[in-house]
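Heads up, the thing below is written out as structure tokens.
Residue numbers (our numbering), protein chains in the order written: chain Z, 1 to 135; chain A, 1001 to 1336.
Shown next as structure tokens:
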């Protein structure tokens, strides 16, 4: 890539920083320059977010219809999957999976709920009632 | 308390941390490309049967900490590296380092990194930064991918240092301890060692998911994605490939350009004219990676959804694999 070919597309990077790119100058020597971002990357990020939001919306529906416990909603909201939730809470993956069942969730002790609440950055009350319109 | 620490922005976080820490201890010859090359940071693996955030498990980078370890060992720098099970001890150790005037590299997870905007916060645990001071309850942070230094609260720092999931940092902290002055000869040896390691890894490892063979493996998989996953999910997989490859300068094209820059700088220390020629090859390979990302974006944007488009994408990676094989072979065969 030549220095003047470094993309300068508006991207989510604008909220944050410019990134260093290595590129060759007119003499063929390597140098660095800053880039605002690249449309190709911004799109990859965008579609990943759309997917995450779709998954959250889907989880919200499931919780509303009583097909899953609020843990599923908060899990998707925080872009976590089973292994990550298990690692943060210290539960086994199969245990977390069990807690996704609303009937099991109803009977969970406050101690266990507290663990989930901490991971998801909410209070136990918020976890139980799951304000599904949030975020 | 604030240490006198010079922040230099880098394309890749671990290169940057390594470069900045070594410069801090007086090794002024080191640059980001040199750290990347001596530390043999170029890498590729595609692990089948494993999914990361619901997509293919592809990594363009080595295990966190490897570039730092290899570069320091090649330059004869003794290092300190520690992980913790206790959060209190991890913080105490960091505070002690700062009190002794030692800036410290930390491995962190990105998800709770408060100074990143939300768009960039994923459950990714192999980010690196340097803590170089503390004021009240706030740590001063030099994050190499940022233009300027920043800060993070003690609570948030603890959170990111003890992020969980794949490659959990467990509070990992590292810094160079002692060093003799580094001679030109030493750097020369380090460069040769780094080139040998990287070229060996990329071409000679007899495992079909590593190095150049790994890129071929991915190429073959891509061609099956449309059929097995559908155009949309196949596109999401490609988006993940592009994100792994290009986000914040790391991986695909970004790494090839840094490596090409490394070979140019290596030529100053090691007078082998092949290096300049191979550097040009890597520049060309980097451009091919970029072209492949553009093709991928056409697919995940939904502009191109035919099997033919996935085939073209796969063939682009096969072409890249061939070119890389030739370039790394040429490096591997240099008589030093």
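Yeah, the Cβ is synthetic: ideal placement off N, Cα and C, and Gly gets one too.
#1: In the DSSP output, what is residue 1002(A) paired with across the bridge?
#2: Just mark residue 1164(A) as buried or exposed, buried being the case when its beta carbon has 16 or more other beta carbons within 10 Å.
#3: From the DSSP output, in three-state form, read off residue 1121(A) for me.
#4: Taking residue 1239(A) as the reference, which of 42(Z), 107(Z) and 7(Z) has the closest Cα?
#5: Among 1110(A), 1065(A), 1107(A) and 1131(A), which one has its Cα closest to the Cα of residue 1096(A)?
#6: Note down, one range per segment and in chain order, each alpha helix (DSSP H) of at least 4 residues found wholly within the segment 1029–1104 of chain A.
#7: Take residue 1258(A) as the anchor and find which of 1280(A), 1241(A) and 1274(A) has the nearest alpha-carbon.
#8: Apply the 10 Å Cβ neighbour rule to residue 84(Z) and answer buried if 16 or more other Cβ atoms are within range, or exposed otherwise.
#9: Report, in whole angstroms, the separation of the C-beta atoms of residue 1332(A) and residue 1211(A), which I expect to be a contact under 8 angstroms.
#10: Considering just the uninterrupted stretch of the beta strand (DSSP E) at residue 1173(A), what are its terminal residues?
#11: Our contact map puts residue 46(Z) next to residue 13(Z) with C-beta atoms below 8 angstroms; I'd like the distance itself, whole angstroms only.
#12: Does DSSP classify residue 1008(A) as helix, strand or coil?
#13: By Cβ distance below 7 angstroms, which residues in the same chain neighbour residue 1150(A) in space, the five residues on each side in sequence not counted?
#14: In the segment 45–63 of chain Z, which residues sit with their C-beta less than 8 angstroms from some C-beta in chain A, listed in chain order?
#15: Write down every uninterrupted run of the beta strand (DSSP E) in the segment 1260–1310 of chain A whose length is 3 residues or greater and which is fully enclosed by it, in chain order.
#16: Kindly indicate if chain A contains any beta-carbon less than 8 angstroms away from that of residue 79(Z).
#17: Residue 65(Z) bridges to which residues according to DSSP?
#18: Given that a residue counts as buried once 16 or more other Cβ atoms are within 10 Å of its Cβ, and exposed if not, what is residue 1145(A)?
#19: Find out if the Cβ-Cβ distance for the pair residue 1242(A), residue 1188(A) is shorter than 8 angstroms.
#20: Does the Cβ-Cβ distance between residue 1079(A) and residue 1014(A) come in under 8 angstroms?
#21: Assign residue 1128(A) to one of three DSSP states: helix, strand, or coil.
#22: Residues of the segment 1146–1158 of chain A with a CB closer than 7 angstroms to any CB of chain Z: list them in chain order, please.
#23: DSSP puts residue 35(Z) in a beta bridge; with which residues?
#24: Against chain Z, with Cβ distances strictly below 8 angstroms, would residue 1130(A) count as a contact?
#25: In the segment 22–46 of chain Z, which residues sit with their C-beta less than 8 angstroms from some C-beta in chain A, listed in chain order?
#26: Within the continuous beta strand (DSSP E) that includes residue 1152(A), where are the two ends?
#27: What does DSSP give as the partner residue(s) for residue 8(Z) in the beta ladder?
#28: By DSSP's criteria, residue 1142(A) is part of a beta bridge. Which residues make up the other side?
#29: Kindly list, in the order they appear in chain Z, the residues whose Cβ is closer than 8 angstroms to that of residue 1258(A).
#30: Is the segment 1261–1268 of chain A touching the segment 1202–1220 of chain A, taking contact as three or more C-beta pairs under 8 angstroms?
#31: I'd like to know if the segment 92–106 of chain Z and the segment 53–69 of chain Z are in contact, where contact means that at least 3 CB-CB pairs between them fall below 8 angstroms.
#32: For residue 1309(A), count neighbouring Cβ atoms within 10 angstroms of its own Cβ and tell me buried if that reaches 16, exposed if not.
#33: Taking its Cβ as the centre, do 16 or more other Cβ atoms sit within 10 Å of residue 1292(A), making it buried, or is it exposed?
#34: Given this structure, state the Cα-to-Cα distance separating residue 96(Z) from residue 86(Z), to the nearest angstrom.
#35: Are the Cβ atoms of residue 1003(A) and residue 1133(A) separated by less than 8 angstroms?
This is what the structure gives:
#1: 1133(A)
#2: buried
#3: coil
#4: 42(Z)
#5: 1131(A)
#6: 1032–1038, 1066–1074 and 1087–1099
#7: Selected option, being the one with the closest Cα: 1280(A).
#8: buried
#9: About 11 angstroms; that fails the 8 angstroms criterion.
#10: 1173–1178 is the span of the beta strand (DSSP E), which, as asked, contains residue 1173(A).
#11: About 12 angstroms separates the two Cβ atoms, so there is no contact after all.
#12: In the three-state reduction of the DSSP assignment, residue 1008(A) falls in the coil class, being assigned neither a helical nor a strand state.
#13: 1115, 1141 and 1143
#14: 45, 47, 48, 49 and 51
#15: Counting only runs of 3 or more, we get nothing.
#16: yes
#17: Answer by DSSP bridge pairing: none, since residue 65(Z) is not bridged.
#18: buried
#19: no
#20: no
#21: strand
#22: Answer in chain order: 1146 and 1147.
#23: 19(Z)
#24: no
#25: Residues are counted here when their Cβ sits less than 8 angstroms from a Cβ of chain A; for the segment 22–46 of chain Z these are 22, 23, 24, 28, 29, 30, 32, 34, 38, 39, 40, 41, 43, 44 and 45, given in chain order.
#26: 1150–1153
#27: In DSSP, residue 8(Z) forms a bridge with 37(Z).
#28: 1130(A)
#29: 22
#30: no
#31: yes
#32: buried
#33: buried
#34: 7 angstroms
#35: yes
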